[in-house]
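Converting from the sequence shown to the numbering used here requires adding 750 to each position, the first position being numbered 1. Ideal Cβ placement from N, Cα and C applies to all residues, glycine included. Only a predicted model underlies this, so the values are computations on that prediction, with no experimental measurement involved.
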Amino acid sequence: MFKPAEGTDEEVEWAASLFGKLASDSGFRVPLPLRAADGRSVVDGWTACEFLTGRPGPEGHWTGVLSAGRAFHRALRHVPRPEFLDRHVHPWAVADRVTWGEQDIDVVDDLAAPFSTLRELRRPVTQDTAQLVHGDLTGNVLFAPTAAGRSHPEWPQMLVRALTFRLVAHSEHAGPAGRAHSGEPDRYARAIEVVRQLARS
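Next up, the structure:
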């Protein structure tokens, strides 16, 4: 499969090298990179990888998404953080840093109230160490016909962080107008109430 390279050549090469090293029997599949004859992963702005068949999730496959995610993250546990991540300034990078307490920002006025509530709900988590994770897992898992949520004790705190990440990214995308999409604050308020209920249970 050919597609335009996403990110810098450095980032594409890093991902290609990583995918090439992941074991095929780790509980998930990744598309193996296909390099040019001279070994490059990017040629004229294009990259290639093998084609994997499967039906896209996550609808009806949440257990499988979580299972694949856990296996994938086990495989990444000891992979060093690449330096290029610290140079990213796009909304998703800002949201990630704010979510984990590495950066402070002011969100747009429309989202200030739910953002404040999420900060109040946030508690320390007892993860052993920081590690690389997949930033958009749910929309990027394929299920082969022959190929597996709330079991984690800190599930509510992970939801707090997921909502914080999403809210900050939406705020960063608000643009010059500085306003959230219509109905967005109410949607966050409803989601936050679910998190409150989970925290009490």
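Given this structure, state the Cα-to-Cα distance separating residue 942 from residue 784, to the nearest angstrom. 43 Å
Contacting residues, own chain, Cβ-Cβ under 6 Å from residue 894 (five flanking each side not counted): 804
Does the structure place the region 825-841 close enough to the region 781-798 that three or more beta carbon pairs sit under 8 Å? no
Opposite residue 905 in the DSSP bridges: which residues? Looking at the DSSP assignment, residue 905 forms no beta bridge with any residue, so it has no partner.
Would you please state the rounded distance, in angstroms, between the beta carbons of residue 813 and residue 914? I believe it to be under 8 Å. Not confirmed; about 25 Å, so no contact.
Under 6 Å Cβ to Cβ from residue 949, same chain only, skipping five residues before and after it: list those, please. 906
Residue 779 to residue 801 span [Cα, whole Å]: 11 Å
Taking the DSSP output, what are the residues bridged to residue 753? 797
Would a C-beta distance cut-off of 7 Å place residue 832 and residue 888 closer than the cut-off? no
Which word fits residue 911, buried or exposed, when buried means at least 16 other C-beta atoms lie within 10 angstroms of its C-beta? buried
CA-CA distance, residue 790 and residue 861? 44 Å
Just to confirm the assignment, what range does the alpha helix (DSSP H) spanning residue 823 have? 812-826
Any C-beta of chain B sitting closer than 7 Å to the C-beta of residue 760? Here chain B cannot be found, since the structure has a single protein chain.
Which residues mark the beginning and the end of the alpha helix (DSSP H) in which residue 886 is found? Residue 886 -> no alpha helix (DSSP H), and no H or E assigned at all.
From residue 937 to residue 931, what does the alpha carbon distance come to, in whole angstroms? 10 Å
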